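For reference, the structure is listed below as structure tokens.
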Amino acid sequence: MIFGDRDKLLPSFVPRELPYREEQAAELLRYFSNALEDPDGSSIKFYQIIGPVGSGKTVTVLRFGQLLESAARRKGVDVRHVYVNPRQHGSTRLMLFRYIAQKVGPSIFSASYAVEELILELLRYLNREKKHLILTFDEMDFFLAQSKEQLVYNLTRLNEALPGEHCGVLGVIFTARSRAYMKKLDQAELSSLGAYHVEFSGYSAEQVHAILEKRCYEAFSPGAVDGRTLRYIADVTASPPAGGDIRFALSVLYNAGMLAENRGTDRLSVEHVREVLGVLTPAVTEEEISYLPDQEKLILLALANGLKHSGSPYLTFDELAAQAKAGGRGGREVPLRDLVKGVQDLQDRGIVEVRSLTEIGIPSVPAGALERFLDYLIPKLTDGGE
Numbered sequence: 007m008i009f010g011d012r013d014k015l016l017p018s019f020v021p022r023e024l025p026y027r028e029e030q031a032a033e034l035l036r037y038f039s040n041a042l043e044d045p046d047g048s049s050i051k052f053y054q055i056i057g058p059v060g061s062g063k064t065v066t067v068l069r070f071g072q073l074l075e076s077a078a079r080r081k082g083v084d085v086r087h088v089y090v091n092p093r094q095h096g097s098t099r100l101m102l103f104r105y106i107a108q109k110v111g112p113s114i115f116s117a118s119y120a121v122e123e124l125i126l127e128l129l130r131y132l133n134r135e136k137k138h139l140i141l142t143f144d145e146m147d148f149f150l151a152q153s154k155e156q157l158v159y160n161l162t163r164l165n166e167a168l169p170g171e172h173c174g175v176l177g178v179i180f181t182a183r184s185r186a187y188m189k190k191l192d193q194a195e196l197s198s199l200g201a202y203h204v205e206f207s208g209y210s211a212e213q214v215h216a217i218l219e220k221r222c223y224e225a226f227s228p229g230a231v232d233g234r235t236l237r238y239i240a241d242v243t244a245s246p247p248a249g250g251d252i253r254f255a256l257s258v259l260y261n262a263g264m265l266a267e268n269r270g271t272d273r274l275s276v277e278h279v280r281e282v283l284g285v286l287t288p289a290v291t292e293e294e295i296s297y298l299p300d301q302e303k304l305i306l307l308a309l310a311n312g313l314k315h316s317g318s319p320y321l322t323f324d325e326l327a328a329q330a331k332a333g334g335r336g337g338r339e340v341p342l343r344d345l346v347k348g349v350q351d352l353q354d355r356g357i358v359e360v361r362s363l364t365e366i367g368i369p370s371v372p373a374g375a376l377e378r379f380l381d382y383l384i385p386k387l388t389d390g391g392e
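What follows is the structure, encoded as structure tokens:
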């Protein structure tokens, strides 16, 4: 048996030790230390983390949340961390604040509340129950690319929502892939948010190797993976196009392990890794696919089927529309009005590349490897592969 616990390779897993990001998580805790020392006397603070995909932003804020809540319990104060990701939890302000309300106090949730009413009820609940929150909004640039709603404005004005009363939200953390997201904010939002930010860079080959070693210890049976194989994954991951993306490295390790297991071997080899690298791309991992709304899955399936049958690295928009209209899973077709929005969503996620209306494809997949990649992707988007 090659795996001990394969779930330890998933991006959602937060290890007890966080190589190369433990100090960043501790720094976050120090930054919000006032929330633990005197929550009732503390005011809202903001923190920004900027870094490319797979640079450890998400696992750092999740680790911070663990440290925060553990420290709060020791001090006897009720301070919680709530993690919010627009890719997973909703693409509108209302959906996101509903998610927060359900995580914090399900009793305050009502489907009839508008955004502003829900915010007020949330803040009143926190004051009434003597609870406090620090919120993380992961991938804020994705939300702003999708929506013109003033989510950042709402968050930076939480302390003004109940005049004369304490604000139970003591901090908000934003993450983004680059500072370019700030160009979408107005001057009032920028002023409240402040200029302070921390930048994460992609991991080096040595760092990727060290992280994979620790994950292997927890995920695989003893002796199932040797150092040479891990070194190979680390070297590939540290080079373009992955550029130090640890999520991609973990995806490669996971899929190579699955391949080895399916072939009945108890050891992972470099050849298993090479075979997986022939079909994987940093842009489209299991995690990305799992986050997609059903409509976007249908569009990506239509694109994948169209590319496979055309033999070309790109489809025109009309070709994609024809493929989507034909229906993929269960004959479900995608209406044209939804196709335009869905393609834009997939482009914002970095899954689809739109060069023009005549060139729509999947980025970072060489033409020679495209068919192998599509053979890997299509089953994951069909009913049998979900």
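Counting in the working numbering, the sequence shown runs from 7 upward without gaps.
Every residue gets a Cβ at the ideal spot worked out from N, C-alpha and C, and that includes glycine.
Remember, predicted model here, so these are calculated numbers, not experimental data.
To the nearest whole angstrom, what separates the beta carbons of residue 262 and residue 279, a pair I think is in contact under 8 Å? The residue given as residue 262 occupies position 256 in the sequence shown. The residue given as residue 279 occupies position 273 in the sequence shown. About 5 Å; that satisfies the 8 Å criterion.
Residue 118 in three-state terms, based on DSSP: For this step, residue 118 is matched to residue 112 along the sequence shown. Note: residue 118 maps to coil in three-state DSSP.
Using DSSP's beta-bridge definition, name the partner residues of residue 54. Position 48 of the sequence shown, counted from the first residue, corresponds to residue 54. 180.
Where does the unbroken beta strand (DSSP E) through residue 362 begin, and where does it stop? For this step, residue 362 is matched to residue 356 along the sequence shown. Taken as a continuous stretch (DSSP letters only), the beta strand (DSSP E) holding residue 362 covers 359-362.
If we count the other Cβ atoms within 10 Å of its Cβ and call it buried at 16 or more, is residue 395 buried or exposed? With the chain running from 7 to 392 in the structure shown, residue 395 is simply not present.
With 16 as the cutoff for other CB atoms within 10 Å, does residue 379 come out buried or exposed? Along the sequence shown, read from residue 1 onward, the residue named residue 379 stands at position 373. Buried, because 16 or more other Cβ atoms sit within 10 Å of the Cβ of residue 379.
Cα-Cα separation between residue 58 and residue 185, rounded to whole angstroms: In the sequence shown, residue 58 corresponds to position 52, counting from 1. In the sequence shown, residue 185 corresponds to position 179, counting from 1. Straight-line Cα distance between these residues: approximately 11 Å.
Which two residues bound the contiguous beta strand (DSSP E) that contains residue 80? Within the sequence shown, residue 80 is the residue found at index 74, counting from 1. From DSSP, residue 80 is part of no beta strand (DSSP E) but of the alpha helix (DSSP H) over 63-81.
For residue 178, which residues of its own chain have a beta-carbon under 6 Å away from its beta-carbon, when the five flanking residues on both sides are left out? Residue 178 sits at position 172 when you count from the first residue of the sequence shown. Excluding five sequence positions before and after residue 178, the CB atoms of its chain that fall closer than 6 Å to its own CB belong to 52, 141, 161, given in chain order.
As assigned by DSSP and simplified to three states, the class of residue 355: As a working note, residue 355 is residue 349 in the sequence shown. Coil, per DSSP.
Skipping 5 residues on each side, what residues in its chain have a beta carbon closer than 6 Å to that of residue 211? Taking the sequence shown and counting its residues from 1, one reaches residue 211 at position 205. Around residue 211: 240, 241, 244.
Straight-line Cα distance separating residue 238 from residue 252: To locate residue 252, count along the sequence shown from 1; it is residue 246. To locate residue 238, count along the sequence shown from 1; it is residue 232. About 14 Å.
Using DSSP with H/G/I as helix, E/B as strand and the rest coil, what is residue 22? By 1-based counting over the sequence shown, the position of residue 22 is 16. Coil, per DSSP.
So, at 7 Å on beta carbons, what are the nonlocal neighbours of residue 190 in its own chain, with the 5 sequence-adjacent residues on each side left out? If you number the sequence shown from 1, residue 190 lands on position 184. Hits under 7 Å: 150.
Have a look at residue 75 and residue 38 and give me their C-alpha separation to the nearest angstrom. Taking the first residue of the sequence shown as 1, we reach residue 75 at position 69. Taking the first residue of the sequence shown as 1, we reach residue 38 at position 32. Residue 75 and residue 38: Cα-Cα distance of roughly 12 Å.
Status (buried if at least 16 other CB within 10 Å, exposed otherwise) for residue 346: On the sequence shown, position 340 is the one that residue 346 refers to. Its Cβ having fewer than 16 others within 10 Å, residue 346 is exposed.
Rounded C-alpha distance that separates residue 66 from residue 340: The count along the sequence shown starts at 1 and reaches residue 66 at position 60. The count along the sequence shown starts at 1 and reaches residue 340 at position 334. Roughly 38 Å between the two C-alpha positions.
CB contact flag (residue 147, residue 93, <8 Å): Sequence index remark: in the sequence shown, residue 147 carries index 141 (1-based). Sequence index remark: in the sequence shown, residue 93 carries index 87 (1-based). No, they are not a contact pair.
What whole-angstrom Cβ distance do residue 31 and residue 70 have, given they're in contact under 8 Å? Along the sequence shown, one-based indexing puts residue 31 at 25. Along the sequence shown, one-based indexing puts residue 70 at 64. Contact between residue 31 and residue 70 holds: their C-beta atoms lie close to 5 Å from each other, under 8 Å.
Cα-Cα separation between residue 304 and residue 283, rounded to whole angstroms: The residue you call residue 304 lines up with position 298 of the sequence shown. The residue you call residue 283 lines up with position 277 of the sequence shown. Going by the C-alpha atoms only, they are around 25 Å apart.
Could you check what DSSP says for residue 293 in three-state terms: helix, strand or coil? Within the sequence shown, numbered from 1, the residue matching residue 293 stands at position 287. If DSSP states are grouped into helix, strand and coil, residue 293 belongs with the helices.
Only counting the same chain, and skipping five residues up and downstream in sequence, which positions put a Cβ closer than 8 Å to that of residue 322? Stepping through the sequence shown from its first residue, residue 322 is reached at position 316. Excluding sequence neighbours, residue 322 sits near 363, 364, 365, 366.
Do residue 285 and residue 382 come within 8 Å of each other at the CB atom, strictly closer than that value? The count along the sequence shown starts at 1 and reaches residue 382 at position 376. The count along the sequence shown starts at 1 and reaches residue 285 at position 279. Their beta carbons are under 8 Å apart, which means residue 382 touches residue 285 by this criterion.
Mapping the DSSP letters down to three states, classify residue 10 as helix, strand or coil. Looking up residue 10 in the sequence shown gives position 4. Note: residue 10 maps to coil in three-state DSSP.
Counted within 10 angstroms of its Cβ, other Cβ atoms place residue 355 as buried (16 or more) or exposed: The count along the sequence shown starts at 1 and reaches residue 355 at position 349. Buried.
Measuring only the C-alpha atoms, how far is residue 300 from residue 306? Translated into positions along the sequence shown, residue 300 becomes position 294. Translated into positions along the sequence shown, residue 306 becomes position 300. Their Cα atoms are separated by approximately 10 Å.
Length of the line joining the Cα atoms of residue 168 and residue 207: Along the sequence shown, one-based indexing puts residue 168 at 162. Along the sequence shown, one-based indexing puts residue 207 at 201. Distance between the alpha carbons of residue 168 and residue 207: 39 Å.
Coarse secondary structure for residue 374, derived from DSSP in three states: Sequence index remark: in the sequence shown, residue 374 carries index 368 (1-based). Residue 374: helix per DSSP, three-state reduction.
Quick check on DSSP: helix, strand or coil for residue 340? Sequence index remark: in the sequence shown, residue 340 carries index 334 (1-based). In this structure, residue 340 counts as coil in the three-state DSSP scheme.
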